[in-house]
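Right, one structure below, let's go through it.
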Ligand code: GLC
C-alpha cells in the first residue's frame, strides 16, 4: 500500500514512530453526536465533529464498535464483522470517515472484538445446532458434569463476575464466555477461527484504518484442559489483579498462548506497513505480566497495552511516583506505557476527583507531559460528570445482571456498576439535549443536568476553562519534542509528599514538570523559565494548591532550597 500522507507523518521530527508520540481521543460512538436525529450518536456525527478534535490538538481517534450487532452490549456483541450497523451508518460512511480523518492528517483506530461474538452471530447459531456441524468447534463447548450433565465443566467465573458457562438445551452442552452469557468465546485453538478473524482484521486494514484497540485480549485463550481456578480473597475486580468473586481467574485469562497470539496478530498487521499500523490491547493484570503482550520473549507483539492502574491510584504525589516507577520498570524504552484515566466502562474522571476542575487540569498536565500514550475519554475535556441512573433503569447489560444489588451500596461506591452512568451524551451546547440530538428527540441516555454550565460552547468562551486548558496542554505537547518524544527521568530531588516532579529530556533539551498534588501552597523547588501552568496566575517561588507547571531547565538553574 502506498503512503497516504507522505513520509513526514509516519516518523515525526523527533524520529519517533507516529503512535508513540500521538494523543488518543476515545469516542463512545452512541453518545458522541447524533447527526440523523434518532437520539443515538452515529458515524456522520463523528465526521461532523472531526474539526473539533483537530482543533483541540488530538492526532488519533479511537471509536467503539460500529458493526452489526443486536446491541445487548452496544456493539461489543457482534453479529457480522464485515457490515455496518444501520444505527450508525453504512460502509460508504465508514469509508468516508477514514478519508476525512486522513485528510486532516489524523489517525483512526477501530475497536476489534476478537474474543467473542454475539450469540446471534450465524456462526454461533450453526455451532449450537449440532455437535458435528462444520462450525461445531468454533466456540468452546464442553459436556457438563454430574449424572445428567447439568453441572458446569469447571468453576470458572467470567470477568463480569457471572458464571463462565452457559447451558445450551439445543446442543446439550455448555459454552464458555469470558464476559457475559450472550457473548460466546471463539475457540482460537481452531485454526479456521484464527484465519477468519485475521481476515476480518485485514478487511478493515484494507479500508485504511490505522490500527485496532483489542477488546479483552487477555481472554483470547483459556487453559485447554479446563483446570479449575484457585480461590482468592477478592470480591470486587481490581485494576491490578484478575480476581473476582473469591476467585483468581488464573486459568481462563492471560495464558501463555495469548502472548504468542499477540505476535501472530502483529505479523498480520505488519503486512500493512505504509504507514505502520498500531495494536493496543485491553488487559487487566500486573504490569510485569501484561507487558509480555508487547514483547513476547523478544518477539514483536502489540504496540501498547492499557495500564489501568492510574484509574485507581490515589491522588497523591507519592502514589503517582510509585506508579510511574512501575510503568517505567515494566515498559522501558523502546516500550511505552499508556496513560489512561477513564473509559466507557468506568466512572467519569471528574466525579472520581470529587468534581474538582483544578485536579482535572493537573491530571491533564500529567497525562500530556509524562512519557506514555495519553488516552482521553470523550467529554473528559469539559468534565462531564457521572450521571446517576438507578441500576433498575440500566440499559447496560452489566447493570441488568446486578439489579439485585441494593441501590444504597451502589450510591456509596466510587466505581459504577451501571456503565450507562459514564456513557451519557456529549454536551455540546446549552441548547435542549445539550446539542447532542434535536430537542424533539429523546436521547438514548439522559443528558447530564449540569449541561447549561458544562458544555463545549460555554467552555470555549471561558478562557480558563478545563476545555481551554486541555487545548493548551495538548498543543504544547505537540509543539515540544521533549514532551512527546523525550525520555523520562523522575526528578527525585524535587519530589516530596506534595510534589511529583519529573523531567522530559531530548537532545539536551530538558523540561521539568512539577505537580503539586496537595491542597496546600508549597515552595517551588526551582524557579527557572515557566512555560506552562495549570493556573492563570503563577508565583515564581511557590506552587498554589493543585498547581502544575512545566519549566525549562537551564544549566544555571537556581535551586531555591
Ligand atoms: C471490554 C469493553 C466493554 C465490553 C467488554 C466485552 O471490557 O471495554 O465495554 O462490554 O469488553 O466485549
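In the working numbering, the protein residues as written are 3 to 563.
The C-beta atom is built at its ideal place from N, Cα and C for all residues, glycine as well.
Predicted, not measured: the structure shown is a model, and the values here were computed from it.
6 Å CB neighbourhood of residue i in its chain, flanking five on each side removed
i	result
residue 199	116
residue 325	311 and 315
residue 292	285 and 307
residue 4	For residue 4, the predicted model reports a pLDDT of 35, less than 50, meaning its position is unreliable; a value from the coordinates is still stated below. Closer than 6 Å at the Cβ level, and outside the excluded window around residue 4, lies no residue.
residue 289	328 and 332
residue 151	145
residue 475	366, 367 and 370
Unbroken alpha helix (DSSP H) run spanning residue i, endpoints
i	result
residue 491	Taken as a continuous stretch (DSSP letters only), residue 491 belongs to no alpha helix (DSSP H), being part of the beta strand (DSSP E) at 489-492.
residue 290	289-292
residue 114	First-last for residue 114: 109-114, but that is the beta strand (DSSP E), not the alpha helix (DSSP H).
residue 418	Run containing residue 418: none; DSSP gives neither H nor E here.
residue 48	45-50
residue 260	258-271
residue 443	Segment: none, residue 443 is in no alpha helix (DSSP H) and carries neither H nor E.
residue 551	Residue 551 -> not in any alpha helix (DSSP H); beta strand (DSSP E) instead, spanning 550-554.
residue 214	No alpha helix (DSSP H) holds residue 214; the beta strand (DSSP E) holding it covers 213-216.
residue 178	Taken as a continuous stretch (DSSP letters only), residue 178 belongs to no alpha helix (DSSP H), being part of the beta strand (DSSP E) at 175-178.
residue 82	Where residue 82 is concerned, there is no enclosing alpha helix (DSSP H), although the beta strand (DSSP E) it sits in stretches over 82-86.
Endpoints, the beta strand (DSSP E) within which residue i is located
i	result
residue 518	511-518
residue 28	26-29
residue 329	Counting along the chain, residue 329 falls outside any beta strand (DSSP E), though it belongs to the alpha helix (DSSP H) covering 319-332.
residue 505	501-508
residue 378	375-379
residue 280	280-283
residue 532	532-535
residue 2	A query on residue 2 cannot be resolved here, the shown segment of the chain reaching from 3 to 563 and no further.
residue 341	340-342
Close beta carbons around residue i, own chain, < 8 Å, minus the five adjacent residues each side
i	result
residue 349	388, 416, 417, 418, 423 and 424
residue 87	68, 69, 70, 71, 73 and 77
residue 355	317, 361, 362 and 365
residue 52	63, 102, 103, 106 and 108
Candidates the options: closest to residue i by CA position
i	options	result
residue 176	157, 205, 184 and 144	144
residue 517	380, 323, 147 and 454	323
residue 59	530, 480 and 187	480
residue 112	181, 168, 165 and 206	206
residue 527	537, 193, 520 and 545	545
residue 219	369, 89, 114 and 351	114
residue 170	126, 201, 181 and 196	126
residue 224	252, 203 and 248	252
residue 431	188, 483 and 454	454
residue 28	36, 106, 48 and 465	48
residue 166	194, 247 and 87	247
residue 484	320, 75, 553 and 131	553
residue 249	261, 236 and 255	236
residue 185	162, 413 and 85	162
residue 412	52, 238 and 228	238
residue 505	515, 496 and 499	515
residue 120	191, 129 and 80	80
residue 393	421, 438 and 510	421
residue 359	382, 337 and 346	382
residue 258	233, 297 and 55	297
residue 164	261, 414 and 401	401
Nearest-angstrom beta carbon gap, residue j and residue i [assumed within contact, 8 Å]
i	j	result
residue 179	residue 104	In fact, because the Cβ distance is near 37 Å, the residues do not count as touching under 8 Å.
residue 30	residue 380	6 Å
residue 492	residue 524	Contact doesn't hold; Cβ gap of about 18 Å is too wide.
residue 295	residue 283	5 Å
residue 33	residue 426	7 Å
residue 461	residue 386	With 8 Å as the limit, residue 461 and residue 386 do not qualify as a contact, their Cβ atoms being about 11 Å apart.
residue 321	residue 21	Contact flag wrong, Cβ pair sits at about 28 Å.
residue 255	residue 267	17 Å between Cβ atoms; not a contact.
residue 36	residue 91	That belief does not hold up - the Cβ atoms of residue 36 and residue 91 are roughly 12 Å apart, past 8 Å.
residue 377	residue 26	5 Å
residue 532	residue 399	About 49 Å separates the two Cβ atoms, so there is no contact after all.
residue 340	residue 367	Not quite, the Cβ-Cβ distance comes to about 17 Å (not below 8 Å), so this is no contact.
residue 470	residue 429	Wrong, their Cβ atoms sit about 16 Å apart, outside the cutoff.
residue 221	residue 194	That pair is no contact at about 20 Å.
residue 497	residue 319	7 Å
Contacting residues, own chain, Cβ-Cβ under 7 Å from residue i (five flanking each side not counted)
i	result
residue 10	Confidence at residue 10 is low in this model, with a pLDDT of 34, below 50, so its placement is unreliable and the value that follows should be read with caution. If we look at residue 10 and ignore the five residues flanking it on each side, it has no Cβ neighbours.
residue 335	489
residue 301	265
residue 537	546 and 549
residue 467	461
residue 18	487
Worksheet item: Taking contact to mean at least 3 C-beta pairs separated by less than 8 Å, is the segment 211-218 in contact with the segment 144-157?
Response: no
Discussion item. Could you check whether the segment 395-408 touches the segment 360-374, counting it as contact only if at least three pairs of C-beta atoms, one from each stretch, sit closer than 8 Å?
Written reply: No, because fewer than three Cβ pairs between the segment 395-408 and the segment 360-374 fall closer than 8 Å, the two stretches do not touch.
Worksheet item: Should the segment 91-101 be regarded as contacting the segment 128-138, the criterion being three or more beta carbon pairs within less than 8 Å?
Response: A contact between stretches requires three or more CB pairs, one per stretch, nearer than 8 Å, and the segment 91-101 fails this requirement with the segment 128-138.
Worksheet item: Does the segment 435-444 touch the segment 34-51, meaning 3 or more C-beta pairs lie closer than 8 Å?
Response: yes
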